[in-house]
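Enquirer:
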Amino acid sequence: MINITTREKIMFGVYVLYTIRKLKTPLVTESLVFLILATSLFYFVSVPSFFSNMFESGNFGSYFIMAFSHTDFLVQSALILAFVTVLLFVRNFTLHAILKNRLA
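Position in the sequence shown (first residue = 1) + 188 = this note's numbering.
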């Protein structure tokens, strides 16, 4: 059996709280959401065939609109949520850069 001292128990609690606080940042949360959405999209959509068909058609905008409008609701909502997550990434990075320059 492992003997754990009181100091080690307290420090373990401190490490757990520190890790939880670091994981609650918007960047980590949005990264996890984006990872889950990307994984679900790769599961439901054949990405290589999508890109090969898109390059064969030559008209990227209309192909994307037609492909988006003729998919299931689950895929449409996952694409929209992934796009919103990317926008939030950009917003967080620009806000971080602006605040870093102001405070420096």
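C-beta: ideal position from N, C-alpha, C; glycine also.
Return the CA-CA distance between I192 and I208, expressed in angstroms with no decimal places.
Expert: Spanning the two alpha carbons is a distance of roughly 22 Å.
Enquirer: Restricting to Cα atoms, I'd like to know which of A266, S240 and V204 is closest to T227.
Expert: For T227, the nearest C-alpha among the options comes from A266.
Enquirer: By how many angstroms is the C-alpha of E196 removed from the C-alpha of I190?
Expert: Distance between the alpha carbons of I190 and E196 is about 12 Å.
Enquirer: I want to know whether the segment 213 to 229 touches the segment 249 to 258 - three or more CB-CB distances under 8 Å.
Expert: At 8 Å Cβ cutoff, the stretches do not touch.
Enquirer: Using DSSP with H/G/I as helix, E/B as strand and the rest coil, what is G284?
Expert: First, the residue type needs correcting, since residue 284 is His and not Gly in the sequence shown. Note: H284 maps to helix in three-state DSSP.
Enquirer: Among V202, L211, S234 and N280, which has the Cα closest to the Cα of V263?
Expert: Out of V202, L211, S234 and N280, S234 has the C-alpha closest to the C-alpha of V263.
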